[in-house]
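The structure under discussion appears below in the form of structure tokens.
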Amino acid sequence: MSDFLADWYLWTKALHVMSVITWMAGIFYLPRLYVYHVEQAGTGTAADAMLQVMERKLLRGIMNPSLVATWVFGLALVFTPGVVDWGLVWPWVKTVSVLAMTWFHMWLSARRKEFVDGTNTHPGRTYRMMNEVPTLFMVAIVLSVILKY
4 MSDFLADWYL
14 WTKALHVMSV
24 ITWMAGIFYL
34 PRLYVYHVEQ
44 AGTGTAADAM
54 LQVMERKLLR
64 GIMNPSLVAT
74 WVFGLALVFT
84 PGVVDWGLVW
94 PWVKTVSVLA
104 MTWFHMWLSA
114 RRKEFVDGTN
124 THPGRTYRMM
134 NEVPTLFMVA
144 IVLSVILKY
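If you count the sequence shown from 1, you need to add 3 to reach the working numbering.
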């Protein structure tokens, strides 16, 4: 298996990067949709229905598959011989940051269920602030992978 992973390393890396890009696009956009949802659409309105469709399609059609692909290709890279040196700090920083980003994805998913049920209690300000959280994780991930301390 390790020969296979080594032979396909560049393809795996490319697919991982593409998956991360699509996942991050959704991670950055969904909280913004929630801001619009809270501030512009009352429960049961046409705007509410439209935003729920947009949120569902973004989460289920783009973000969830991208999350899975990011994890699959990322784990393939981890198991590729010579790619990760666990004696350094960077893989641990990346691991913690990816787990935190995954938690954030799940948090967003839970908030969508609240919009569907009409039980959202968070104001637009909460979603604006939470929209900044993935940026912090992204900075930690990119710096750790590129600088490899």
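Glycine is no exception: its CB is placed at the ideal position from the N, C-alpha and C atoms. Keep in mind that this is a model prediction, so the values were computed, not measured.
TODO: Alpha carbon to alpha carbon, how far is Glu135 from Val96? Give it in angstroms, no decimals.
DONE: Taking the first residue of the sequence shown as 1, we reach residue 96 at position 93. Taking the first residue of the sequence shown as 1, we reach residue 135 at position 132. Taking the straight line from one Cα to the other gives about 19 angstroms.
TODO: From the DSSP output, in three-state form, read off Glu117 for me.
DONE: For the purposes of this step, residue 117 is identified with residue 114 of the sequence shown, where counting begins at 1. Of the three classes helix, strand and coil, the one that applies to Glu117 here is helix, per DSSP.
Task: Closest Cα partner of Met132 within the set Leu150, Leu111, Leu80, Asp120 - done: Position 129 of the sequence shown holds residue 132. Among Leu150, Leu111, Leu80, Asp120, the Cα nearest to that of Met132 is on Leu111.
- [ ] Over the uninterrupted alpha helix (DSSP H) stretch that includes His125, give me the two end residues.
- [x] As a first step, residue 125 must be located in the sequence shown, where it is residue number 122. Counting along the chain, His125 falls outside any alpha helix (DSSP H), and DSSP gives it neither H nor E.
Open item on the list: Rounded to whole angstroms, what is the Cα-Cα separation between Ala72 and Val87?
Closed with: Counting from one through the sequence shown, the residue named residue 72 turns up at place 69. Counting from one through the sequence shown, the residue named residue 87 turns up at place 84. For Ala72 and Val87, the distance between alpha carbons rounds to 19 angstroms.
TODO: Please confirm whether Gln43 and Ala50 have their CB atoms less than 7 angstroms apart.
DONE: Within the sequence shown, residue 43 is the residue found at index 40, counting from 1. Within the sequence shown, residue 50 is the residue found at index 47, counting from 1. Their beta carbons are under 7 angstroms apart, which means Gln43 touches Ala50 by this criterion.
Task: Distance between Gly47 and Gly77 (C-alpha atoms, nearest Å) - done: Within the sequence shown, the letter at position 74 stands for residue 77. Within the sequence shown, the letter at position 44 stands for residue 47. The straight-line gap from Cα to Cα measures roughly 40 angstroms.
- [ ] Take the Cβ of Arg92 as the centre, count every other Cβ of all protein chains shown within 10 Å, and call the residue buried at 16 or more, exposed below.
- [x] Locating residue 92 in the sequence shown gives position 89, where the first residue counts as 1. Inspection of the sequence shows that residue 92 is occupied by Val rather than by Arg. With fewer than 16 other Cβ atoms within 10 Å, it is exposed.
Task: Cβ-Cβ distance between Pro84 and Ala9 below 7 angstroms - done: The sequence position of residue 84 within the sequence shown is 81, counting from 1. The sequence position of residue 9 within the sequence shown is 6, counting from 1. Taking 7 angstroms as the Cβ cut-off, Pro84 and Ala9 qualify as a contacting pair.
- [ ] Take Val38 and list the residues in its own chain whose beta-carbon comes closer than 8 angstroms to its own, dropping the five residues that flank it on each side.
- [x] Reading the sequence shown from its first residue, position 35 is the one you call residue 38. Here the set comprises Gly127, Tyr130, Arg131, Asn134.
Task: Local Cβ density within 10 Å of Thr15, reported as buried at 16 or more and exposed below that - done: On the sequence shown, residue 15 is found 12 positions in, with the first residue counted as 1. Answer is buried; the Cβ neighbour count reaches 16.
- [ ] Would you identify the three-state DSSP class for Asn67, choosing helix, strand or coil?
- [x] In the sequence shown, the residue the question calls residue 67 occupies position 64. Three-state result, Asn67: helix.
Open item on the list: On the CB-based measure, 16 or more other CB atoms within 10 Å of its CB, does Met109 come out buried or exposed?
Closed with: Numbered from its first residue, the sequence shown carries residue 109 at position 106. So Met109 counts as exposed.
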